[in-house]
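Visitor: Letter by letter, the sequence shown follows residues 1 to 410 of full-length UniProt numbering. Shown below is the structure under consideration.
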Amino acid sequence: MTDLAPTVVELVACPVRPEPEGRLPEMPFRQNAWTPQEVATLETGFRADIPLAEIAAALGRGLAGVRDKVATLGLRRHSQRPWTPDEDNWLSRHYGSRATADVAADLGRACSAVYARAGVLGLTEGNPPRWTSWEDAQLRAGYAAAVPIAQIAILIGRPLSGTASRANSLGLRHPAKPPDWTEAEAMLTLSLAEEGHRYGHIASLLVEAGYCERSKIAIKAILQRLGYGRGWGRSWTPEEDALLTLAYREGKSLTPLLTRFGRTRYSIRWRSEYLGLRGTHAMRDGFRGGPVWSDDDIATLRALYGKIPMTELATRMGRTKASLFTRANNLGLVHGYQKPWTDDERHALKRAYNNGVAFADVVTALGRNHAAVHKYAQKMGLLFGRRPRCTPPPTLDQILAMEDIAGDKP
């Protein structure tokens, strides 16, 4: 059986659930066991941001025991900085549709804080439902009949990865799974790897030799089980060791060795540590992915950093933006705002606050980043609360034309 008819809705009838026989075993008594009242007190105090030391004193338990119970219950502290309604609205609109790292950067918070707040707001997905006896029965019958795993997953309504994981936990083995490695096949794979062949080519050579088709992951796993070396297996030659030692001794740049050896920087670093060369190079930045920073490059960075877009500056200097940010951070340079605030924007921010305009509408009118506007508003002492949004949102000119409630002059 290799395919399922469209009318097939189950492979086997659901088995009868076993009835419990006899009395249920009693839980052994432990003097230090947590009572339900203690657990409730811990959860209430933890969610109220009460220090763990005070919770431990109230419960009459040690601090280490309270911390261990917090970890067991999966409780997590929220951010020390309280979340504002505007941040909650922003998170509700963008969580799940954008990368969490980008959302965290916009809000100026850590990813862990964003995940925790999303859980509080009910934006995260819950755990999948437990496997039922009917699903396990279909899984066993499908594996016994050699039905493809993808079709079994569609039949029971589970993802492919979850179906395969459940079958593995039940000890099921699909008939279409390749047989175990024989000693001859494993030794041939090892010899091909020692000759310098890549995993994909090794798989093709195994098929040509009459063995079954193997994936690159399976080949890598068997080589690791046989104690094969780092990377994909090309051993270091005495000539490479001599060139690497010479580069360290004479203080030469190690970057050309990437192309000369055909190796990654991690492989070269590992080999230099193995040879005892780490820390002996004459130049602190001898091993670089880009050119060495000169005095002229540093002067250019000091003069233009934060004054022109980073993409333009990176193109002009022939470097990546990441390298510019790293060097500027080491030099203690402050980037500041990408675009300075104008008088009209400052007046618009004040008038929007005085006239009850929603913060999200202000961000749209200003055309700036949410976090940048929020930070600047806090500096001005303007704390926007929960306000209704306008449809359509007002423009910058419309906000400037609003009534001057607080005597602000544009």
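Even glycine gets a Cβ: it sits at the ideal position worked out from N, Cα and C.
(1) Buried or exposed: Pro256, going by 16 or more other Cβ atoms within 10 Å of its Cβ?
(2) Kindly indicate which residue of Gln31, Glu250, Ala328, Ala184 has the alpha-carbon position closest to the one of Cys212.
(3) Could you compute how far the alpha carbon of Gly227 sits from the alpha carbon of Pro82?
(4) Provide the residue(s) that pair with Arg98 in DSSP beta bridges, ordered along the chain.
(5) For Gly108 and Gly119, what's the separation of their Cα atoms in angstroms?
(6) Residues in its own chain within less than 8 angstroms of Asp136 by CB, not counting five upstream and five downstream?
(7) Need the endpoints of the alpha helix (DSSP H) that Ile308 sits in, please.
(8) Assuming Leu349 contacts Ala377 under a Cβ cut-off of 8 angstroms, what Cβ separation, rounded to an integer in Å, is found between them?
(9) Using only the alpha-carbon positions, how far apart do Ala164 and Leu73 sit?
(10) Where Thr189 and Arg225 are concerned, what is the direct C-alpha to C-alpha distance, given to the nearest angstrom?
(11) So what's Leu223 in DSSP terms, helix, strand or just coil?
(12) Which one of Leu400, Phe384, Pro392, Pro394 has the shortest CA to CA distance from Asp86?
(13) How would you write the range of the alpha helix (DSSP H) that Val363 sits in, first residue to last?
(14) Tell me the DSSP secondary structure of Cys111 in three-state form.
(15) Is it buried or exposed for Glu345, if we count other Cβ within 10 angstroms and need 16 for buried?
(16) When burial is assigned at 16 or more other CB atoms within 10 Å of the CB, is Ser191 buried or exposed?
(17) Out of Thr391, Asn330, Val334, point me to the one whose CA is closest to Ala358's CA.
(18) Mind the definition here: the stretch 84-100 touches the stretch 38-54 only if three or more C-beta pairs lie below 8 angstroms; say whether that holds.
(19) Look up His335 in the DSSP assignment and say whether it is helix, strand or coil.
(20) May I have the straight-line CA-CA distance separating Tyr266 from Leu258, to the nearest angstrom?
Guide: So, to answer that:
(1) The residue labelled residue 256 in the question sits at position 256 within the sequence shown. So Pro256 ends up on the exposed side.
(2) Along the sequence shown, one-based indexing puts residue 212 at 212. It is Ala184.
(3) Against the sequence shown, residue 227 aligns to sequence position 227. Against the sequence shown, residue 82 aligns to sequence position 82. Taking the straight line joining both Cα atoms gives about 52 angstroms.
(4) Working through the sequence shown from its first residue, we reach residue 98 at position 98. According to DSSP, which records beta bridges pairwise, Arg98 is partnered with Tyr95.
(5) As a position in the sequence shown, residue 108 is number 108, starting the count at 1. As a position in the sequence shown, residue 119 is number 119, starting the count at 1. Near 18 angstroms, if we compare the C-alpha coordinates of Gly119 and Gly108.
(6) Here the question's residue 136 lines up with position 136 in the sequence shown. Contacts found: Arg166, Leu170.
(7) Locating residue 308 in the sequence shown gives position 308, where the first residue counts as 1. No alpha helix (DSSP H) holds Ile308; DSSP gives it neither H nor E.
(8) Taking the sequence shown and counting its residues from 1, one reaches residue 349 at position 349. Taking the sequence shown and counting its residues from 1, one reaches residue 377 at position 377. Contact holds; Cβ gap of about 6 angstroms.
(9) For the purposes of this step, residue 164 is taken as the residue at position 164 of the sequence shown. For the purposes of this step, residue 73 is taken as the residue at position 73 of the sequence shown. Roughly 28 angstroms between the two C-alpha positions.
(10) Along the sequence shown, read from residue 1 onward, the residue named residue 189 stands at position 189. Along the sequence shown, read from residue 1 onward, the residue named residue 225 stands at position 225. Rounded to the nearest angstrom, the two C-alpha atoms are 12 angstroms apart.
(11) Here residue 223 refers to the residue found at position 223 when the sequence shown is read from its first residue. Leu223: helix per DSSP, three-state reduction.
(12) Against the sequence shown, residue 86 aligns to sequence position 86. The option with the nearest alpha carbon to Asp86 is Phe384.
(13) Start at 1 with the first residue of the sequence shown, and residue 363 comes out as number 363. Note, Val363: alpha helix (DSSP H), 359-366.
(14) Your numbering for residue 111 matches position 111 in the sequence shown. Reduced to three states, the DSSP call for Cys111 is helix.
(15) Taking the sequence shown and counting its residues from 1, the one referred to as residue 345 is at position 345. Burial call: buried.
(16) As a position in the sequence shown, residue 191 is number 191, starting the count at 1. Ser191 comes out exposed.
(17) Residue mapping note: residue 358 aligns to position 358 of the sequence shown, counting from 1. When only C-alpha atoms are compared, the closest one is Thr391.
(18) no
(19) In the sequence shown, residue 335 corresponds to position 335, counting from 1. Looking at His335 - three-state DSSP - the assignment turns out to be coil, as it is neither helix nor strand.
(20) As a working mapping, residue 266 is identified with position 266 in the sequence shown. As a working mapping, residue 258 is identified with position 258 in the sequence shown. Approximately 10 angstroms, taken between the alpha carbons.
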